[in-house]
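Asks: The following block contains the structure, expressed as structure tokens.
Printed below as a string of structure tokens:
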């Protein structure tokens with residue numbers, strides 16, 4: 002892995018001081034993309050070199066005239082192949098979607114463009130975002146930069162690799178059950194899943210309208226906050242909180258079952274460090290979480306809502322799907338109206354229970370993912386694939402089910418791809434960012 006790009010703030014300062022230009026940054030990113038693709042890398046499905054360079058020249062000209070739209074102005078950003086970008090085909094990582102190019106940007110893409118970001122290309126992903134592993138039989142599987150034998154995680158697999166290998170300063174991703182946070186953990190990045198309602202999802206291929214959210218994969222909490230301010234249209238007070246006295250809640254129920262030894266060791270070492278520096282690590286019980294596998298045994302809200310969107314396309318182009326994805330979507334056909342209503346009721350009950358348990362917490366800590374990045378060759382059988390996928394999705398999907406928000410921070414276990422989840426309930430985005438910033442500073 003090459004030397005990491007500076008943060009958004011550092012690059013913005015360099016641009017302001019004339020130490021670099023947007024064209025230079027974009028040319029460097031494009032050269033890295035070419036080298037990656039020539040080496041067999043699978044991070045990008047489409048690269049808009051001409052459009053990116055035109056946007057970079059426009060950003061430089063605007064800056065020279067004293068016009069700087071945002072901290073992202075002139076910086077190369079990658080877009081998950083789930084969002085409409087005017088003039089480009091949205092494939093959602095699939096061969097089944099091959100329609101006409103989008104006639105308009107998705108609102109979130111339009112906000113990035115208006116902020117002066119340089120949209121450099123569309124990134125690879127799990128087909129239709131329906132896997133936490135990032136495997137794609139159509140376009141190749143991105144690998145974690147730590148180890149080419151191991152997966153980058155999904156579903157925003159290419160977005161994570163684009164940032165980790167300095168092909169973009171930040172990436173726009175989505176998160177239905179961990180699809181921002183899993184690849185962020187596996188690739189040593191910081192990822193932010195905001196409260197779902199804060200960022201518009203029009204113009205994006207849906208997976209689960211109840212659980213989908215959109216947000217950034219980047220290099221720091223401050224980078225995520227700067228990105229979030231643009232795509233949400235809301236600038237939060239994300240300044241790091243003082244670490245001393247923070248109430249950081251930890252449950253061992255469910256989310257700490259079956260951890261890889263390295264993950265358990267890194268998590269416990271982090272808790273010890275934070276306690277030593279003055280944070281209050283407060284154990285709590287949340288046994289109701291153990292019911293989540295039973296609640297979602299039929300495929301859950303994701304399968305029900307995915308089936309609603311996909312049923313006609315599956316009938317027409319089912320042979321073009323990744324069959325592992327098609328299998329999971331078809332589970333939704335068996336869920337009736339009463340099943341769906343019961344799922345919603347179970348979700349409301351779990352949210353109410355969480356609200357009571359976490360009412361005085363500054364954040365809820367857990368390992369982002371229970372395991373290190375799996376080896377690709379260990380996922381060849383369906384049995385291994387589905388078992389590993391379930392384990393990888395288990396922890397991050399808890400926050401989606403609760404309609405919460407979370408930051409995944411990379412833990413200082415070099416080369417291991419282990420993340421720390423700093424989570425909170427619906428609407429606690431600002432506090433989660435503040436606490437994540439404090440923990441990030443403490444772990445440096």
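Residue numbers (this note's numbering): 2 to 445.
Cβ coordinates follow ideal geometry from the N, Cα and C atoms, glycine included.
As the structure is a prediction and not an experimental result, all values here were calculated from the model.
Can you give, in chain order, each stretch of the beta strand (DSSP E) that sits fully within the stretch 140-168 and has at least 3 residues?
Replies: Listed in chain order, nothing qualifies, since the stretch 140-168 has no complete beta strand (DSSP E) run of 3 or more residues.
Asks: Decide if the stretch 155-167 is in contact with the stretch 59-70; the criterion is three or more beta carbon pairs, one per stretch, under 8 Å apart.
Replies: The stretch 155-167 vs the stretch 59-70: no contact.
Asks: Which residue from 389, 400, 424, 423 puts its Cα closest to that of residue 133?
Replies: Of the listed residues, the one whose Cα sits closest to residue 133 is 389.
Asks: Whose CA, out of 63, 148, 139, lies closest to the CA of residue 115?
Replies: For the residues 63, 148, 139, the minimum Cα distance to residue 115 belongs to 63.
Asks: From the DSSP output, in three-state form, read off residue 122 for me.
Replies: Reduced to three states, the DSSP call for residue 122 is strand.
Asks: What is the DSSP secondary structure of residue 387, counted as helix, strand or coil?
Replies: If DSSP states are grouped into helix, strand and coil, residue 387 belongs with the helices.
Asks: In whole angstroms, give me the CA-to-CA distance for residue 252 and residue 286.
Replies: Between residue 252 and residue 286, the C-alpha separation is close to 6 Å.
Asks: Measuring straight from C-alpha to C-alpha, what distance separates residue 459 and residue 281?
Replies: Nothing can be reported for residue 459, as the shown portion of the chain is limited to 2 through 445.
Asks: Select from 344, 210, 421, 404 the residue whose C-alpha is nearest the C-alpha of residue 311.
Replies: Cα-wise, what sits closest to residue 311 is 210.
Asks: Which residues in the same chain as residue 423 place their Cβ atom closer than 7 Å to its Cβ, once the five residues preceding and following it in sequence are excluded?
Replies: Correct list, in chain order: 364, 366, 407, 408, 410, 433, 436, 437, 440.
Asks: What is the residue span of the beta strand (DSSP E) that residue 30 lies within?
Replies: Per DSSP, residue 30 belongs to no beta strand (DSSP E); it is in the alpha helix (DSSP H), 23-39.
Asks: What did DSSP end up calling residue 1 once you bin it into helix, strand or coil?
Replies: Outside the modelled stretch of the chain, which goes from 2 to 445, sits residue 1, for which no answer is possible.
Asks: What number of angstroms, rounded off, separates the C-alpha of residue 180 from the C-alpha of residue 193?
Replies: If you take the alpha carbons of residue 180 and residue 193, they lie about 10 Å apart.
Asks: Cutting at 8 Å between CB atoms, please list the residues of its own chain near residue 99, excluding the five before and the five after it.
Replies: Here the set comprises 90, 92.
Asks: Relative to the alpha-carbon of residue 235, which residue among 255, 213, 201 has its alpha-carbon at the smallest distance?
Replies: Of the listed residues, the one whose Cα sits closest to residue 235 is 201.
Asks: Tell me whether the stretch 42-56 and the stretch 120-137 touch, counting them as touching only if at least three CB pairs, one residue from each stretch, are closer than 8 Å.
Replies: Touching, yes, given that three or more Cβ pairs across the two stretches are closer than 8 Å.
Asks: Between the C-alpha atoms of residue 46 and residue 95, what's the straight-line distance to the nearest angstrom?
Replies: Going by the C-alpha atoms only, they are around 11 Å apart.
Asks: Which same chain residues, not among the five before or five after residue 87, have their C-beta less than 6 Å away from its C-beta?
Replies: Cβ within range, chain order: 103, 105, 106.
Asks: Could you tell me the alpha carbon to alpha carbon distance between residue 358 and residue 42, rounded to whole angstroms?
Replies: So the two alpha carbons sit approximately 44 Å from each other.
Asks: Within 8 Å, do at least three Cβ pairs link the stretch 239-256 to the stretch 376-388?
Replies: No: the two stretches stay apart, fewer than three of their Cβ pairs being nearer than 8 Å.
Asks: Please classify residue 299: does DSSP put it in a helix, a strand, or coil?
Replies: Here residue 299 sits in coil by DSSP.
Asks: Roughly how many whole angstroms lie between the Cα atoms of residue 270 and residue 392?
Replies: Going by the C-alpha atoms only, they are around 22 Å apart.
Asks: Specify the secondary structure class of residue 45 as computed by DSSP and reduced to three states.
Replies: Three-state result, residue 45: strand.
Asks: Between the alpha carbons of residue 172 and residue 113, how many angstroms are there, rounded?
Replies: So the two alpha carbons sit approximately 11 Å from each other.
Asks: Exposed or buried, which one is residue 302 when buried takes at least 16 other CB atoms within 10 Å?
Replies: Classification for residue 302: buried.
Asks: Can you tell me which residues form a DSSP beta bridge with residue 84?
Replies: For residue 84, which the question treats as bridged, DSSP gives the partners 205.
Asks: Cutting at 7 Å between CB atoms, please list the residues of its own chain near residue 61, excluding the five before and the five after it.
Replies: Answer for residue 61: 22, 23, 24, 75, listed in chain order.
Asks: Taking Cβ positions, are residue 9 and residue 219 nearer each other than 9 Å?
Replies: Result yes, Cβ atoms of residue 9 and residue 219 sit closer than 9 Å.
Asks: Assuming residue 377 and residue 152 make a contact with CB atoms under 8 Å, what is their CB distance in whole Å?
Replies: Correct: roughly 5 Å between the Cβ atoms.
Asks: Would residue 154 and residue 130 qualify as a contact pair, given that the criterion is a beta-carbon distance under 9 Å?
Replies: Cβ distance not < 9 Å, so residue 154 and residue 130 don't count as in contact.
Asks: Compute the Euclidean distance between the alpha carbons of residue 259 and residue 290, then round it to the nearest angstrom.
Replies: Going by the C-alpha atoms only, they are around 15 Å apart.
Asks: Beta-carbon separation of residue 319 and residue 307 under 9 Å?
Replies: No, they are not a contact pair.
Asks: Could you have a look at residue 398 and say whether DSSP puts it in helix, strand or coil?
Replies: If DSSP states are grouped into helix, strand and coil, residue 398 belongs with the helices.
Asks: What do you reckon, are the CB atoms on residue 182 and residue 27 nearer than 9 Å?
Replies: No; because the gap between Cβ atoms is not below 9 Å, this pair is not in contact.
Asks: If you count every other CB in all the chains shown that lies within 10 Å of the CB of residue 347, and 16 or more means buried, which is it?
Replies: When all chains shown are included, residue 347 counts as buried.
Asks: Do you know how far the Cα of residue 354 is from the Cα of residue 272?
Replies: Taking the straight line from one Cα to the other gives about 24 Å.
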